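> Numbering (full-length UniProt numbering), first residue to last: 1 to 431.
Let me begin by handing over the structure; questions about it come next.
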């Protein structure tokens with residue numbers, strides 16, 4: 001398994017067999033019997049009550065938002081603002097959509113904390129609602145004025161929604177949907193950054209974020225080809241945008257390496273077993289949807305594809321180390337010492353919204369477990385820094401010559417990326 005994916009099982013005993021009944025109050029956990037539900041009531045009570053409270057708050061805010069439609073300013077002041085103020089005394093300056101986003105994000109974090117298959121699926125449904133609220137809010141802002149520059153837009157809320165969405169998808173092992181989500185959202189954000197404003201066309205792009213099948217080519221879509229062409233299109237400067245991509249590429253490399261081993265075994269079994277049975281065995285060892293859907297990979301040598309993905313993984317890591325040395329220094333230290341604690345993340349001392357270097361505390365809390373729980377990724381990172389001593393010294397704060405070496409290395413990667421792509425395309429045409 002490429003990650004510790006939660007399964008549909010009893011929340012008390014872990015039983016996978018037999019009928020499972022969801023909790024009637026929160027629907028985030030399930031049990032195989034009433035005694036097990038009663039036995040777990042004390043442990044589950046706090047999170048269950050928290051989920052119910054957050055849902056009630058969201059329902060009240062949504063009702064207030066619907067009631068405000070069609071009212072003039074005076075009526076709006078007497079209805080929506082007062083109702084929202086009853087929930088949060090300091091919220092009179094916020095629109096209902098703002099509060100809807102904030103509370104939904106708290107609910108998503110609670111679902112992720114429960115960490116069952118049901119709760120993660122519920123978190124994805126809630127994330128879709130967050131994207132919808134952001135779309136409506138931006139459409140309203142665009143219609144009210146000629147344009148709005150990026151510094152006035154809620155990018156922090158977008159990034160937070162992105163972190164929550166990719167966290168849920170990675171935990172569920174949804175590699176294809178996660179990549180398509182990153183790809184679609186990256187297109188939209190990159191276009192907005194390039195234009196320096198939010199246009200109506202850009203805002204409507206939010207509505208396609210989760211329509212990944214239509215937005216990225218449907219059934220004939222090839223993630224590997226798209227990755228080669230898009231991965232070099234834009235340097236992603238923050239860990240929250242680049243770490244999930246590194247994880248996905250690492251998954252695909254691991255899956256293809258396991259497939260290569262299965263192909264060797266298949267050659268030995270081919271004399272005794274039917275060819276269809278051998279193919280079923282090969283598919284059985286695959287964990288990722290992207291690799292499993294490409295049937296031609298089962299019958300061919302994929303060493304060139306693996307080598308290309310390894311180069312792209314290293315490219316991502318080098319770019320991210322240059323942009324975010326503080327994050328990777330902590331990851332490298334954990335990989336070297338096998339100390340998976342994160343001492344700066346003491347919940348008693350951390351103030352919400354506080355920052356460590358160029359990242360929010362919340363980003364560190366969300367991203368590090370994804371790296372830690374991906375088998376083989378910490379070992380790869382440790383080996384990378386043993387091989388690339390200049391990068392290791394750079395992330396540990398050494399400047400001078402090391403910084404120049406890293407800067408030149410990253411610059412050469414950027415200059416050579418088009419040549420690499422052209423070389424890959426020419427080889428594919430000759431095959």
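Using N, Cα and C, we set each Cβ at its ideal position, and we do this for glycine too.
Being a predicted model, the structure only gives us computed values, none of them experimental.
Could you please give the first and the last residue of the uninterrupted alpha helix (DSSP H) stretch that includes residue 388?
From DSSP, residue 388 is part of no alpha helix (DSSP H); its letter is neither H nor E.
> Where do the ends of the alpha helix (DSSP H) carrying residue 321 lie?
Unbroken alpha helix (DSSP H) run through residue 321: 303–323.
> Any heavy atom of the ligand PLP closer than 7 angstroms to the Cβ of residue 6?
The ligand PLP is not part of the structure shown, which contains no ligands of any sort.
> Check whether the region 374–393 and the region 296–307 touch, using three or more Cβ-Cβ pairs below 8 angstroms as the test.
Judged by Cβ distances under 8 angstroms, the region 374–393 makes no contact with the region 296–307, as fewer than three pairs qualify.
> Would you say residue 99 and residue 51 are within 8 angstroms of each other, going by their C-beta atoms?
It is not a contact, given that the beta carbons lie outside the stated cut-off.
> Can you have a look at residue 383 and say buried or exposed, based on whether 16 or more other CB atoms are within 10 angstroms of its CB?
Exposed, by the Cβ-count rule.
> On a Cα-Cα basis, can you pick out the residue from 16, 40, 13 and 15 that is closest to residue 23?
The shortest Cα separation from residue 23 among 16, 40, 13 and 15 belongs to 40.
> Name the DSSP beta bridge partners of residue 30, please?
Residue 30 is bridged to 22.
> Please list the terminal residues of the continuous alpha helix (DSSP H) segment that includes residue 290.
Where residue 290 is concerned, the enclosing alpha helix (DSSP H) stretches over 289–293.
> DSSP three-state call for residue 12: helix, strand or coil?
It is coil, neither helix nor strand.
> So what's residue 7 in DSSP terms, helix, strand or just coil?
In the structure shown, residue 7 sits in coil (DSSP, three-state: anything other than H, G, I, E or B).
> Buried or exposed: where does residue 404 fall if 16 or more other Cβ atoms within 10 Å of its Cβ makes it buried?
So residue 404 counts as exposed.
> What do you get for residue 282, buried or exposed, if any count of 16 or more other CB atoms within 10 angstroms of its CB means buried?
Label assigned to residue 282: buried.
> For residue 374, name the three-state secondary structure that DSSP assigns.
In this structure, residue 374 counts as coil in the three-state DSSP scheme.
> Quick test of your reading: residue 119 and residue 45, contact by CB under 8 angstroms. State the CB separation rounded to the nearest angstrom.
Residue 119 to residue 45, Cβ: 15 angstroms. No contact.
> Looking at residue 252 and residue 185, is the spacing between their C-beta atoms short of 8 angstroms?
Not closer than 8 angstroms, so no.
> Could you round the C-beta distance between residue 396 and residue 318 to whole angstroms and report it? I think they count as a contact, below 8 angstroms.
Rounded, the Cβ-Cβ distance is 16 angstroms, inconsistent with contact.
> Take the Cβ of residue 320 as the centre, count every other Cβ of all protein chains shown within 10 Å, and call the residue buried at 16 or more, exposed below.
That one is buried.
> Hey, residue 380 and residue 331: beta-carbon distance below 8 angstroms or not?
Cβ atoms of residue 380 and residue 331: not closer than 8 angstroms.
> With residue 48 and residue 162 assumed to form a contact (beta carbons below 8 angstroms), what rounded beta-carbon distance in angstroms separates them?
Not really, about 28 angstroms apart at Cβ, beyond 8 angstroms.
> By DSSP, does residue 300 sit in helix, in strand, or in coil?
Residue 300: coil per DSSP, three-state reduction.
> Buried or exposed for residue 243, please, with buried defined as at least 16 other CB atoms from any protein chain shown within 10 angstroms of its CB.
Its Cβ being crowded by 16 or more others within 10 Å, residue 243 is buried.
> Hey, would you say residue 259 sits closer than 8 angstroms to residue 290, going by beta carbons?
Result no, Cβ atoms of residue 259 and residue 290 do not sit closer than 8 angstroms.
> Count the other C-beta atoms from every protein chain shown that fall within 10 angstroms of the C-beta of residue 385, then say buried if there are 16 or more, exposed otherwise.
Flag for residue 385 reads buried.
> State buried or exposed for residue 166, treating a residue as buried only when at least 16 other CB atoms are found within 10 Å of its CB.
With 16 or more Cβ atoms within 10 Å of its Cβ, residue 166 is classed as buried.
> Residues in its own chain within less than 6 angstroms of residue 8 by CB, not counting five upstream and five downstream?
Closer than 6 angstroms at the Cβ level, and outside the excluded window around residue 8, lie 117.
> So, using beta-carbon positions, are residue 164 and residue 103 closer together than 8 angstroms?
Result no, Cβ atoms of residue 164 and residue 103 do not sit closer than 8 angstroms.
> Can you grab the Cα-Cα spacing for the pair residue 54 / residue 108, in whole Å?
Whole-angstrom Cα-Cα distance: 10 angstroms.
> When the Cα of residue 314 is compared with those of 296, 327, 262 and 246, which residue comes out closest?
Answer by Cα proximity: 246.
> Select from 292, 299, 366 and 293 the residue whose C-alpha is nearest the C-alpha of residue 327.
Out of 292, 299, 366 and 293, 366 has the C-alpha closest to the C-alpha of residue 327.
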